[in-house]
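Going down the list, the sequences are from chains A and B.
Residue 4 in our numbering is what sits at position 4 of the first sequence, and the numbering runs on without skipping anything.
Position in the second sequence (from 1) plus 377 gives the number in our numbering.
The C-beta atom is built at its ideal place from N, Cα and C for all residues, glycine as well.
Everything numeric in this text was worked out from a predicted model, so none of it was measured.
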Amino acid sequence: MRRLLIMLPVLALACGSKSLDLQAAPHITSSTDPTVVGAIDEQVSRIAVDGERIYWMGSQGWFSTEGFRGTTALRSCKKADCENSLVTYASELAGTQFGFAVQEGQIYWFDFRYPSSEPLWSIFACDVAGCAAGTPTRTTPSELDRYGRAVAYGSDAIYASVHLDGGDSTGLYRIPFPGHTGPAKLITIATGDVLALGIHGDYLYWVEGAAVTPAPPPSTLWRAHVSGNETPQTLAKNVQLAGYGSGLDPDYPRVLAFDSSYIYWHQRTLDGAIERCPLSGCAGAAEVVVAPIRSPLSVLVAGSKLYWIHDTQAQGLALSSCTIGNCVSPELNAPYLASITALALDDQYLYTATTDHAPPPLPIWNHSLSQIRRLPR
Amino acid sequence: MIAHRSIGRELALLLASSLGLAACSGRVLTLDDTQSPETPSNVDAGPSVEKLPLPDESGSFWVDDTRLYWQTESQWLRSCLHEDCDHTTISYGRALGLVGIGENVIFWSTWGGGGVSSCPKTGCENGALTWVVRDPNGQASAVSGDYYYWSSAFDIFRCPSAGCGEIPEVVARGESPWDLKLAGSRVYWSNIRAAADGVSELSDIRSAPQDGSEGPTTIATISYSYVDFAVDTRNLYWIDQSFQVVSCPLETCQSQSPTPLTSNQPKWGLTVDASGLYWLDRSGGTDVVMHCPLGGCSSEPQALTTGHVLGTWSYGYPYALDSTYLYWQERRGKTGDTLDTRSVRRMRKPTQ
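Below you can see the structure in the form of structure tokens.
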């Protein structure tokens with residue numbers, strides 16, 4: 001069974017209409033560097049892998065003071081021969097903030113653009129070898145034809161938070177992958193904004209708060225059984241999940257990470273930290289796993305290792321890690337990352353994407369080249 | 378799709394507001410070339426008002442005791458000596474806005490995700506500026522000495538002008554200010570929180586030492602949000618919901634009712650220094666700088682400016698103070714609809 005890999009949250013958002021050749025395939029080159037799977041003339045954000053292929057969202061364009069201007073595509077290539085095995089699933093995504101998932105030979109993603117210009121979600125799917133007749137299949141249940149906030153991908157279903165009509169509440173839904181039984185189901189209703197969503201085992205976890213400026217109050221961590229048959233539990237209060245602005249996308253869903261016993265999250269401030277609570281909830285304050293970290297932006301747990309992407313003053317975005325329980329001196333794994341979301345694992349490697357240098361200052365910020373890398377775990 | 382926000386721009390502008398320095402939103406303010414450069418009748422009408430010409434059209438201006446600072450229409454940050462602007466003008470760099478004027482350096486917000494740079498006030502040697510910090514979450518900010526203070530997400534930080542390094546100094550944790558002010562050796566800020574009814578909002582005015590050596594304390598709780606407040610080393614001042622300026626001693630503010638200092642004419646842009654309280658009065662349809670001694674207006678507040686002070690700025694106040702003078706820019710022309718961006722007026726501040 002192909003392993004589903006959950007992508008980390010968003011960096012780029014497409015809002016422009018620069019005249020680019022949208023149908024043009026990116027230029028992929030191999031490298032003598034054994035850690036480089038391929039060098040691609042796109043800004044790579046979000047990565048997933050399965051046994052054979054590596055998948056990514058790639059953007060061509062630039063950031064300016066007005067946001068991202070350009071186009072975003074969803075692509076893959078074979079790990080062993082990336083240069084000659086490119087597949088493009090979608091070439092004009094409205095954004096990358098909701099990621100994608102690979103499951104049993106299918107790739108699933110959200111897009112905003114179908115069936116109209118209204119910002120309603122739709123789920124699309126393709127075979128990982130390529131879309132039938134070159135066109136993705138739309139698989140959205142009618143319950144989800146609303147504006148979305150956050151997404152988590154499970155092993156057999158997609159979990160999504162959507163704004164409910166007539167109020168500020170948010171519905172948390174389970175949508176089985178096509179081919180799996182059952183209709184879309186409302187699991188529970190959150191009374192505030194869902195700032196982060198994660199699935200682990202039979203429980204859906206989320207952070208609920210207010211994504212307001214200039215003073216977002218601390219948020220609350222919840223969980224609910226995916227059956228929807230149990231009353232949701234409060235796991236932790238005063239979760240200072242993040243600041244409200246990455247400077248690129250102030251509204252991106254933040255990330256939760258899991259191991260067999262704990263849920264992890266990050267406090268995204270300049271004096272930030274990665275914290276955790278037992279999956280059943282914190283008796284008191286959350287445990288600080290590693291601190292201080294300058295603006296941790298995403299987190300991933302792999303066995304006893306904790307990985308996180310964070311900001312640096314001199315090297316742009318960077319990937320660091322430590323062994324949980326021994327995080328006094330974290331290891332810098334890779335500087336100059338291409339995005340805050342480019343992080344995935346398989347059994348042997350950690351995959352990320354880097355650039356040659358830290359991004360130049362705005363207003364012209366053009367990641368035109370990324371190296372997809374695999375680093376030993 | 379979600380529009381990108383220019384947080385750095387807001388940061389800079391909010392800071393200027395917090396300092397009580399003049400700032401504008403960076404909107405283009407142009408002279409009407411078809412108009413003759415008329416001077417409003419009030420300008421130079423009395424010996425107390427001086428007109429300081431600028432070599433550029435300014436989008437906004439700031440002052441200290443020796444220099445006049447302005448941002449050009451093309452967003453260059455420049456300064457000159459008060460007394461001889463034409464021959465002493467220097468440029469610092471392109472800026473989203475001036476963040477603050479320190480003792481020896483100036484801080485400004487740069488292009489690039491909330492970046493702040495610094496440079497000696499006398500000019501950057503060989504064009505080299507210092508990258509102080511980059512913080513896309515930065516909000517309210519202020520400058521004291523040669524330290525830059527700002528709020529970010531749930532913390533208040535500070536950095537020296539030489540730069541922060543990876544992790545800035547923490548002044549206070551778990552705070553979410555929307556406004557930040559400095560007085561004496563302390564930082565003051567306002568946190569907004571929900572009132573007990575769950576609908577209305579309150580403002581907690583909080584304070585901590587500038588070096589973060591002690592935890593914060595609550596100075597006062599005010600029954601509405603986004604309070605226009607000012608502070609000195611003895612008292613807290615704010616514009617209350619009936620547009621009165623009120624005050625209370627810092628030590629006892631939480632436990633006593635504030636004292637009204639002014640009438641309840643509509644006002645905004647409150648600033649305090651040793652010479653008294655200043656604010657803008659819009660009751661006559663234009664903004665006029667008003668003044669009261671610190672002890673309160675014995676009769677009516679004194680209108681210091683009688684012309685059309687620019688009154689539609691998105692952020693900051695359209696006047697500035699140094700230790701001796703009050704500065705402002707005025708509209709010009711018969712209809713008063715064009716800002717005179719090529720000069721700054723000043724007059725000596727009233728004595729107490």
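Is there a Cβ from chain B that is less than 7 Å from the Cβ of residue i?
i	result
Leu-270 of chain A	yes
Pro-335 of chain A	no
Gln-240 of chain A	yes
Pro-296 of chain A	no
Pro-292 of chain A	yes
Gln-313 of chain A	yes
Residue i CB to nearest chain A CB: under 7 Å?
i	result
Val-721 of chain B	no
Ile-599 of chain B	no
Val-547 of chain B	yes
Phe-620 of chain B	no
Glu-591 of chain B	no
Asp-605 of chain B	no
Arg-404 of chain B	Residue placement at Arg-404 of chain B is poorly supported in this model, since its pLDDT is 25, which falls under 50; the coordinates are not used for a value here.
Asp-532 of chain B	yes
Asp-699 of chain B	no
Ile-483 of chain B	no
Glu-578 of chain B	no
Ile-582 of chain B	no
Ile-596 of chain B	no
Asp-512 of chain B	yes
Glu-450 of chain B	no
Glu-480 of chain B	no
Ile-544 of chain B	yes
Under the rule that 16 or more other beta-carbon atoms within 10 Å means buried, what is residue i, buried or exposed?
i	result
Asn-84 of chain A	exposed
Ser-219 of chain A	buried
Thr-380 of chain A	Beyond the ends of chain A as shown, which are 1 and 377, falls residue 380 of chain A; an answer cannot be given.
Arg-149 of chain A	buried
Asp-481 of chain B	The question names Asp, but residue 481 of chain B in the sequence shown is Asn. Its Cβ having fewer than 16 others within 10 Å, Asn-481 of chain B is exposed.
Asp-664 of chain B	buried
Ala-285 of chain A	exposed
Arg-373 of chain A	buried
Pro-635 of chain B	buried
Glu-591 of chain B	exposed
Ala-517 of chain B	buried
Val-604 of chain B	buried
Just the Cα atoms here: how many angstroms apart are residue i and residue j?
i	j	result
Asp-717 of chain B	His-163 of chain A	49 Å
Asp-556 of chain B	Ile-54 of chain A	47 Å
Trp-121 of chain A	Lys-185 of chain A	16 Å
Leu-49 of chain A	Ile-274 of chain A	Looking at the sequence itself, residue 49 of chain A is Val, so the reference to Leu does not match. Each residue's Cα considered, the two are about 25 Å apart.
Asp-658 of chain B	Ile-582 of chain B	24 Å
Gly-653 of chain B	Glu-543 of chain B	40 Å
Ala-519 of chain B	Thr-499 of chain B	20 Å
Pro-430 of chain B	Ser-451 of chain B	18 Å
Gly-515 of chain B	Gly-491 of chain B	7 Å
Glu-427 of chain B	Ala-585 of chain B	39 Å
Ser-435 of chain B	Arg-719 of chain B	6 Å
Phe-438 of chain B	Cys-674 of chain B	29 Å
Glu-707 of chain B	Pro-432 of chain B	17 Å
Ser-567 of chain B	Gly-316 of chain A	32 Å
Gln-348 of chain A	Phe-258 of chain A	19 Å
Thr-188 of chain A	Ile-309 of chain A	31 Å
Val-494 of chain B	Cys-457 of chain B	As written in the sequence, residue 494 of chain B is Ser, which differs from the Val given in the question. Cα-Cα distance, rounded: 19 Å.
Lys-125 of chain A	His-180 of chain A	A quick correction: the sequence has Ala, not Lys, at residue 125 of chain A. For Ala-125 of chain A and His-180 of chain A, the distance between alpha carbons rounds to 14 Å.
Gly-672 of chain B	Gly-95 of chain A	57 Å
Asp-193 of chain A	Trp-206 of chain A	10 Å
Using 7 Å as the limit for Cβ to Cβ distance, is residue i near chain D?
i	result
Glu-287 of chain A	Among the protein chains of the structure shown, namely A and B, there is no chain D.
Touch test, the stretch 334–346 of chain A against the stretch 34–51 of chain A, Cβ-Cβ under 8 Å, three pairs minimum: yes
Cβ contact check for the stretch 309–326 of chain A and the stretch 23–36 of chain A: 3 or more pairs under 8 Å: no
contact_flag[the stretch 264–284 of chain A, the stretch 543–550 of chain B] where n(CB pairs < 8 Å) is 3 or more: yes
Cβ contact (3+ pairs, closer than 8 Å) linking the stretch 518–527 of chain B and the stretch 616–627 of chain B: no
Meets three-Cβ-pair contact criterion under 8 Å: the stretch 278–285 of chain A and the stretch 297–308 of chain A: no
Unbroken stretches of the alpha helix (DSSP H), 4 residues or longer, contained in the stretch 590–666 of chain B: none
At least three beta-carbon pairs within less than 8 Å, the stretch 699–708 of chain B to the stretch 435–446 of chain B: yes
Sequence ranges, alpha helix (DSSP H) only - wholly within the stretch 135–199 of chain A, length at least 4: none
Start-end ranges of the beta strand (DSSP E) lying completely within the stretch 496–562 of chain B, minimum 3 residues: 507–511, 515–521, 524–529, 532–537, 546–550, 554–560
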